[in-house]
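Our numbering applies: residue 59 is where the sequence shown begins, and numbers increase by one.
Note that the Cβ used here is the ideal one computed from N, Cα and C, for glycine as well.
These figures come from a predicted structure and were not determined experimentally.
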Amino acid sequence: MKKYTLYNIQIKERTVFLPNVFRPSSGISPNAAFGPFGVEAVESVTSFQIFDRWGNRVHEVSNISPDSPQLFWDGKIKEQIASEGVYVYQLVYTDLAGREVVRVGDVALIR
């Protein structure tokens, strides 16, 4: 009779989450700015850019620490309140395994 040992290994994938809507006037801190959550899975951020519907860049940071508050967009364009609407983002970061990850998506800014 053969003896077997069974091991159950659970691997929890660390993921970066970007919400699909935010409200800058929200009294709840995490909802008042747009940026990535789950940055404990990120070694470094190469760039984070946000564009309006005409392709104008409205927010950009590069070579920044993943836990920097400057990573988040406050919903303003040149210190002016941005219009309600859909904006497109591109986040480029290096994960803890050293892989470059590119995330592209959209976010709705609501007032």
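Item, Value
"Mind checking whether Phe75 and Phe95 have CB atoms under 8 angstroms apart?", "yes"
"Classify Val154 as buried or exposed, calling it buried when 16 or more other Cβ atoms lie within 10 Å of its own Cβ.", "Correcting the residue type first, residue 154 is Leu in the shown sequence and not Val. Burial call: exposed."
"Look at the alpha carbon of Thr119 and the alpha carbon of Arg161, and state the distance between them as a whole number of angstroms.", "The identity of residue 119 in the sequence shown is Val, whereas the question assumes Thr. Cα to Cα, the separation comes out at about 15 angstroms."
"In terms of DSSP beta bridges, what is Val74 paired with?", "Beta-bridge pairing links Val74 to no other residue."
"Only counting the same chain, and skipping five residues up and downstream in sequence, which positions put a Cβ closer than 7 angstroms to that of Ile122?", "Val103, Gln128, Leu129"
"When we look at the beta-carbon of Phe100 and count the other beta-carbons within 10 Å, is it buried (16 or more) or exposed?", "Note that residue 100 is Val in the sequence shown here, rather than Phe. Buried, because 16 or more other Cβ atoms sit within 10 Å of the Cβ of Val100."
"So which of Arg111, Val150, Gln148 has the shortest CA-CA distance to Ala140?", "Arg111"
"Give me the residue from Gly113, Ala91, Asn114, Leu149 with the minimum Cα distance to Gly133.", "Ala91"
"Under DSSP, the beta strand (DSSP E) around Ile108 begins and ends at which residues?", "100–109"
"Quick check on Asn121: does DSSP put it in helix, strand or coil?", "strand"
"Could you please give me the residues that DSSP links to Ala155 through a beta bridge?", "BP columns for Ala155 are empty, so no partner."
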